[in-house]
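Residue numbers (the working numbering): 188 to 329.
Backbone N, C-alpha and C define an ideal beta-carbon position, used for all residues, glycine too.
All values derive from a computational prediction rather than experimental measurement.
Okay, structure first, notes after.
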Ligand code: FES
C-alpha cells in the first residue's frame, strides 16, 4: 500500500472512531488503533489526555506502551519485561515490573535490575496527525 493511500485510509477510519476509542482498564488508557497492513495508527489528539497510551496490537501477546516526551517525540515499547516475561506497568515517570521489581525508563532503557536488557522498541513516527507504529514481522517473538 502506498504511503498516501495508507494515510488517506487512516483519516477515513479515524473519523469514525475518534472520541470513542478510549477505554479504561486498571486506571490506564487503552486506545484502539487503526490497523493497516503491518502498521498501527493513533490520532495525535489521543495524547491530549496524557503522556502515554496503551495499545493492544494484533499478533502481540503484550500491550504496547506509546509515550510522548517533553520535546514531542514519540516512542513505543513492548510491555513484556525482558527478565522473565511479566507485564510491566506504567509507574509515573517510568515502567515497573510487578514480578521482581525491574524498572525501565518510559522509552524502555533499564533503570533497575534484575533485568539486563531494555524493553523491545518499535519504530514510531508522526504522519498526518497520527502516531504510526511499525509492527514486528510475523513470527518474531513479541
Ligand atoms: S519478570 Fe520482570 S523483573 Fe522479573
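In this structure, does DSSP put residue i in helix, strand or coil?
i	result
residue 228	strand
residue 161	The chain is shown only over 188 to 329; residue 161 falls outside these bounds and no answer can be derived.
residue 281	strand
residue 303	coil
residue 276	strand
residue 289	coil
residue 311	strand
residue 249	coil
residue 223	strand
residue 322	coil
residue 263	strand
Any chance the CB of residue i is under 7 Å from a heavy atom of the ligand FES?
i	result
residue 270	yes
residue 281	no
residue 302	yes
residue 292	no
residue 289	yes
Mind checking residue i: buried by the 16 CB within 10 Å criterion, or exposed?
i	result
residue 303	exposed
residue 265	buried
residue 287	exposed
residue 230	buried
residue 344	Residue 344 is absent from the structure shown; the chain starts at 188 and stops at 329.
residue 295	buried
residue 319	buried
Thinking C-alpha only, which one of the options is nearest residue i?
i	options	result
residue 247	288, 315, 308 and 301	308
residue 301	319, 314 and 271	271
residue 262	215, 241, 284 and 236	241
residue 252	223, 216, 299 and 273	216
residue 311	228, 286 and 325	228
residue 325	232, 221 and 245	245
residue 285	275, 297 and 329	275
residue 162	328, 222 and 218	Beyond the ends of the chain as shown, which are 188 and 329, falls residue 162; an answer cannot be given.
residue 226	328, 327, 329 and 321	321
residue 268	283, 254, 259 and 279	283
Cβ of residue i within 7 Å of any heavy atom in the ligand ZN?
i	result
residue 232	Only the ligand FES can be found as ligands here, which leaves the ligand ZN out of the picture.
Measure how close the beta-carbons of residue i and residue j come, nearest whole angstrom, since I'm counting them as under 8 Å.
i	j	result
residue 250	residue 256	Contact doesn't hold; Cβ gap of about 19 Å is too wide.
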